[in-house]
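Keeping their order, the protein sequence lines are chains A and B.
Count along the first sequence starting at 1, add 2, and that's the number in the numbering used here.
Count along the second sequence starting at 1, add 293, and that's the number in the numbering used here.
To start, the structure itself, in structure tokens.
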Amino acid sequence: MSQEKLMHYQVDPWNCYMMRVRRRRMEEEDEMERVMRIVSESAVVIFSSSSCCMCHAMKSLFCGMGVNTMVHELDQDSKGKQMEKTLMRLLATNSTTLPVVFIGGKLVGSMDTLLAFHVNGSLVQLLKQAGALWL
Amino acid sequence: MASQRIGELDFSEPYGIHHRINNPSSSLINDQGSGFDFGELEEAIGLQGVKIRNDETKASFFTGKPAATLEMFPSWPMRFHQSSIGGTNNKSGGESSDSALSSKNENPFEPESPLSKKASSFCSSDQLQHLQLQQDMTNNNDVIKTASSPKSAHEKLQRKGGGSTSDNKPLDAKTLRRLAQNREAARKSRLRKKAYVQQLESSRLKLTQLEQDLQRARSQGMFMDWSGGVGSNISSGAMFDMEYARWLEEDNRLLTELRNGLEAALSDNEMRVMVEGYLCHYDEVFRVKGVTAKADVFHVINGGWTSQAERCFLWIGGFRPSEIIMMLIQQLEAVAEQQIMGMYGLRHSSQQAEEALSQGLDQLQQSVVDTIAGAPLVDGVQQMVVAVGKLANLEGFLRQADNLRQQTLHQLCRLLTVRQAARSFLVIGEYYARLRALSSLWASRSRDQTIITSDENSCQTTTDMQMLQPSHNHFSSF
């Protein structure tokens with residue numbers, strides 16, 4: 003009896019662990035799906051925080067270009083933290099990098115990437131392709 | 294008279310025996326020879342109320358007094374009389390101290406009610422109460438004839454025996470009042486002194502704290518001329534200044550190379566290598582700025598490392614890309630139409646980016662101001678913490694601004710040919726050299742105006758202008 007019990011304890015931790023990993027992966031996938039769903043709803047989607055000033059700068063940039071953006075305030079979202087984590091994973095970075103912008107459902111990146119695209123002219127191209135900007 | 298002298302000594306230096314409060318009774322006894330403050334005695338007695346009664350040495354205290362002193366302190370006539378007899382009757386040591394106390398108590402001329410109250414707090418003997426009753430009844434020094442207890446009779450005798458004090462009796466009232474006032478004044482002075490000393494101590498602590506804060510603040514905001522040869526105390530700002538100076542030297546060297554390469558009409562590949570090297574040179578300064586900003590963002594963003602004229606036209610810790618592009622459009626020659634269009638487009642994009650970053654920075658400033666202004670007057674620590682957290686975003690803005698500058702320069706190189714790119718770098722370098730020359734000119738101009746006459750001044754400025762002229766022509770050669 004005790005032998006079986008021993009084995010039970012030996013095997014089960016691994017199972018527990020695997021269960022936990024699988025559950026987390028499923029949650030992550032759910033999150034990712036959610037994010038993907040959101041970004042496909044509009045040509046330009048910005049994930050931002052209402053108190054963040056860099057997010058304000060990004061919003062002003064698009065406004066200045068005459069582009070309509072859909073802004074998703076993560077601090078006003080109940081699942082905001084998890085979405086932020088998903089975005090961090092997408093960007094392959096460990097630091098909080100709001101704002102994050104998606105154009106045409108595809109990830110563009112944070113503010114520095116956006117500025118780089120804007121300066122070399124590819125931003126306008128992307129926007130036109132996504133239908134957010136008409137010349 | 295010797296007695297008078299001693300008395301004067303005593304009254305002139307109440308502070309001299311200030312410390313005696315804390316000394317045990319024995320030292321009181323020892324110090325008694327040089328002077329004697331009754332107030333001290335009272336307090337000492339208060340501290341050692343019980344001891345006094347049982348202390349045989351107290352007797353010697355009283356007996357040891359010279360007769361002369363007796364005359365000076367008629368406020369306690371009992372005690373003096375006491376001691377004169379106590380010298381002959383040592384056995385009554387305990388008694389004498391008691392009666393001394395009681396005599397103090399029953400002195401009708403003593404206006405100090407606190408004194409009598411103190412004395413009453415010392416001992417709770419019936420004797421004392423009895424004597425106080427006597428005090429109430431009597432009004433005169435001689436009235437202590439109402440001797441219901443053997444003690445009082447003893448005292449009466451002592452009083453009579455104290456013939457040496459007889460000539461002082463008429464002065465008793467005035468002297469008593471004077472002595473009492475002196476005692477009060479001495480006590481007040483002591484208290485004031487204590488308060489003053491405490492104030493000094495607290496101020497000293499505050500001063501040391503302020504000095505520490507000042508040191509810390511200085512080390513953070515130090516400039517190169519301060520840090521100079523100080524070893525490990527060099528702040529990040531000062532270090533950045535040194536690095537920037539080194540970068541400028543390297544910049545000059547590279548620009549000279551480019552100029553020589555253009556004049557020598559090197560091949561495109563070689564020029565391209567030089568242009569790429571120059572771009573890396575600029576990438577380096579942006580990288581160092583980024584690193585320094587993590588430690589000291591204000592130094593970088595306020596342009597403490599730039600010359601005065603440069604600082605005037607600073608935008609988020611550096612040049613405004615659209616302005617540089619505009620200058621290039623105007624100054625560069627032999628540029629194709631398409632390239633000019635491209636440059637206008639680049640200028641337009643960078644203008645939009647600059648506008649966006651400026652608006653973001655404005656919002657940050659507004660947010661910080663609101664946080665600080667809205668803090669309560671008392672204990673607004675939390676708001677300060679929040680404000681500090683918001684200020685941390687400054688680094689992000691500086692980074693984005695430098696990123697914009699870097700991207701603009703790279704894009705510029707992509708738009709232009711290699712030679713045009715080299716020429717544009719030379720134009721930019723020349724522009725900044727002139728800005729720095731302008732700063733030093735301005736500084737020397739304000740210096741000279743105070744010293745040299747106006748004629749000489751104008752001479753000096755014209756020669757400087759002539760110095761600039763050739764480089765202007767140099768510009769047009771591009």
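From the three backbone atoms N, C-alpha and C, an ideal C-beta is built for every residue, glycine too.
Because the structure is a prediction, the values reported are computed rather than measured.
Asked, Found
"If you pair each beta-carbon of the segment 646-653 of chain B with each one of the segment 46-66 of chain A, do three or more pairs fall below 8 Å?", "yes"
"Name the two residues that bound the continuous alpha helix (DSSP H) containing PHE579 (chain B).", "561-588"
"Quick one: what does DSSP say VAL121 (chain A) is sitting in, helix, strand or coil?", "helix"
"Look up ILE48 (chain A) in the DSSP assignment and give the residues it is bridged to.", "A:VAL73, A:VAL103"
"Along the segment 66-87 of chain A, what residues have a CB closer than 8 Å to any CB found in chain B?", "GLY66, MET67"
"What distance in whole Å lies between the Cβ atoms of ALA602 (chain B) and SER732 (chain B), which are believed to be in contact at a cut-off of 8 Å?", "4 Å"
"Using a 10 Å radius around the Cβ and a threshold of 16 neighbouring Cβ atoms, would you call CYS416 (chain B) buried or exposed?", "Summary for CYS416 (chain B): the model assigns pLDDT 46, below 50, so the residue's position carries little reliability, and this model does not support an answer."
"Would the segment 97-108 of chain A and the segment 31-47 of chain A be scored as touching if the rule is three or more Cβ pairs under 8 Å?", "yes"
"So TYR571 (chain B) packs on LEU551 (chain B), CB below 8 Å; how close in whole Å?", "7 Å"
"Give a yes or no on whether the minimum CB-CB distance between HIS703 (chain B) and chain A is below 9 Å.", "yes"
"Short of 8 Å Cβ to Cβ, which residues in the segment 645-668 of chain B face chain A?", "GLN645, ALA646, GLU648, ALA649, LEU650, GLN652, GLY653, LEU654, GLN656, LEU657, SER660"
"Comparing C-alpha positions only, which one of B:TRP608, B:ILE665, B:PRO669, B:LEU728 sits nearest to PHE690 (chain B)?", "B:TRP608"
"In terms of residues, what are the limits of the beta strand (DSSP E) holding LYS108 (chain A)?", "108-111"
"Contact defined as beta carbons within less than 8 Å: I believe LEU76 (chain A) pairs with PHE49 (chain A). What is the distance between those atoms, to the nearest angstrom?", "6 Å"
"What span of residues does the alpha helix (DSSP H) with GLN78 (chain A) cover, start to end?", "Per DSSP, GLN78 (chain A) belongs to no alpha helix (DSSP H) and is neither H nor E."
"Check distances from the C-beta atoms of the segment 121-137 of chain A to those of chain B and list, in chain order, the residues that come in under 9 Å.", "VAL121, ASN122, GLY123, LEU125, VAL126"
"For my contact list, ASP85 (chain A) and VAL37 (chain A) are in at a C-beta cut-off of 8 Å; report their separation, rounded to the angstrom.", "Residue identity differs from the one stated: residue 85 (chain A) is Met in this sequence, not Asp. The pair is a contact, with the Cβ atoms about 6 Å apart (cut-off 8 Å)."
"Closest to GLU542 (chain B) by C-alpha separation, out of B:ALA726, B:TYR489, B:LYS481, B:ARG483, would be which residue?", "B:ALA726"
"Are there 16 or more other CB atoms within 10 angstroms of the CB of TYR537 (chain B), so buried, or fewer, so exposed?", "buried"
"Measure how close the beta-carbons of MET636 (chain B) and LEU621 (chain B) come, nearest whole angstrom, since I'm counting them as under 8 Å.", "7 Å"
"Can you check whether the C-beta of LYS683 (chain B) is within less than 9 Å of a C-beta belonging to chain A?", "yes"
"Between SER643 (chain B) and chain A, is the shortest Cβ-Cβ distance under 9 Å, so that the two count as touching?", "yes"
"Buried or exposed, going by whether 16 or more other CB atoms sit within 10 Å of the CB of ALA694 (chain B)?", "buried"
"Report the residue from A:THR98, A:SER80, A:GLN127, A:ASN122 whose alpha carbon sits nearest the alpha carbon of LYS87 (chain A).", "A:THR98"
"For the alpha helix (DSSP H) that contains GLU43 (chain A), what are its first and last residues?", "No alpha helix (DSSP H) contains GLU43 (chain A), which DSSP labels as neither H nor E."
"Does the Cβ of SER717 (chain B) have 16 or more other Cβ atoms within 10 Å, making it buried, or fewer, making it exposed?", "buried"
"Taking GLY597 (chain B) as the reference, which of B:GLU494, B:MET535, B:ARG613 has the closest Cα?", "B:MET535"
"Taking the alpha-carbon positions, what's the GLU494 (chain B) to ARG485 (chain B) distance?", "14 Å"
"Would you mind reading off the limits of the alpha helix (DSSP H) that contains PRO669 (chain B)?", "No alpha helix (DSSP H) holds PRO669 (chain B); DSSP gives it neither H nor E."
"When burial is assigned at 16 or more other CB atoms within 10 Å of the CB, is PRO282 (chain B) buried or exposed?", "Past the boundaries of the shown model lies residue 282 (chain B); chain B is included only from 294 to 771, so the question cannot be answered."
"Cβ closer than 7 Å: which chain B residues qualify as neighbours of ALA59 (chain A)?", "ALA649, LEU650, GLN652, GLY653"
"Rounded to a whole number of angstroms, what is the C-alpha to C-alpha distance between PHE612 (chain B) and ARG640 (chain B)?", "13 Å"
"Less than 9 Å between CB atoms is the rule here; does SER62 (chain A) satisfy it with respect to chain B?", "yes"
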